[in-house]
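Q: Take a look at the following structure, please.
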Amino acid sequence: MPVRVNLPDECGLGQALSVIGGRWKSVILWELHERALRFGELRRRLPGISEKVLYEQLREMERDGVVRREAFEEAVLRVEYSLTPAGAALNDAAHTLALWGLAHAGRGELPVAAE
Numbered sequence: 365m366p367v368r369v370n371l372p373d374e375c376g377l378g379q380a381l382s383v384i385g386g387r388w389k390s391v392i393l394w395e396l397h398e399r400a401l402r403f404g405e406l407r408r409r410l411p412g413i414s415e416k417v418l419y420e421q422l423r424e425m426e427r428d429g430v431v432r433r434e435a436f437e438e439a440v441l442r443v444e445y446s447l448t449p450a451g452a453a454l455n456d457a458a459h460t461l462a463l464w465g466l467a468h469a470g471r472g473e474l475p476v477a478a479e
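Going by the numbering used here, the sequence shown opens with residue 365, and the numbers climb by one from there.
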């Protein structure tokens, strides 16, 4: 289920969170950061996700321009998913956010923003 963020439409943070919100999208983003993966490979890396949910999440991420789906006409159709340049940039930003979370999780404190 997508995360609902009540931020103005022009808020960049809200827009970014709407793209990676939910239980699986940030994990999918991370799994695709090193190389393209086939659907089955991606599913094996995400224990607990159903085929239906993975398919829906990938379609939404493709629609949002962060994942590319490439089909190869071979004896058996092969489809690979990879990050677009926008997806790679979003993964970098999410990684930075994850590092912040590790540094500050459970401390009950927020760093003071520079003025």
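Note that the Cβ used here is the ideal one computed from N, Cα and C, for glycine as well.
Here the structure is a predicted model, which means the values were calculated and not measured.
Where do the N-terminal and C-terminal ends of the beta strand (DSSP E) with V430 fall, by residue?
A: Residue 430 sits at position 66 when you count from the first residue of the sequence shown. Premise fails: V430 is in no beta strand (DSSP E) and is neither H nor E.
Q: I'd like to know whether the C-beta atoms of I384 and A462 end up nearer to each other than 9 Å.
A: Looking up residue 384 in the sequence shown gives position 20. Looking up residue 462 in the sequence shown gives position 98. Cβ distance not < 9 Å, so I384 and A462 don't count as in contact.
Q: Are the segment 447-458 and the segment 401-420 touching by the rule of at least three beta carbon pairs closer than 8 Å?
A: The segment 447-458 is not in contact with the segment 401-420.
Q: Determine the direct distance from the alpha carbon of R427 to that of T460, and round the result to whole angstroms.
A: Locating residue 460 in the sequence shown gives position 96, where the first residue counts as 1. Locating residue 427 in the sequence shown gives position 63, where the first residue counts as 1. When rounded, the distance between both Cα atoms is 24 Å.
Q: Comparing C-alpha positions only, which one of L454, L422 and A380 sits nearest to V443?
A: Stepping through the sequence shown from its first residue, residue 443 is reached at position 79. Minimum Cα distance to V443 is reached at L422.
Q: What is the DSSP secondary structure of V417, reduced to helix, strand or coil?
A: Translated into the one-based positions of the sequence shown, residue 417 becomes position 53. Residue state, collapsed to three classes: helix.
Q: With a 10 Å radius around its C-beta and 16 neighbouring C-beta atoms as the bar for buried, classify L441 as buried or exposed.
A: Position 77 of the sequence shown, counting from 1, holds the residue named residue 441. Exposed: under 16 other Cβ atoms inside 10 Å.
Q: Consult DSSP for E481 and reduce its assignment to one of helix, strand or coil.
A: Outside the shown range of the chain, which is 365 to 479, sits residue 481, and nothing can be said about it.
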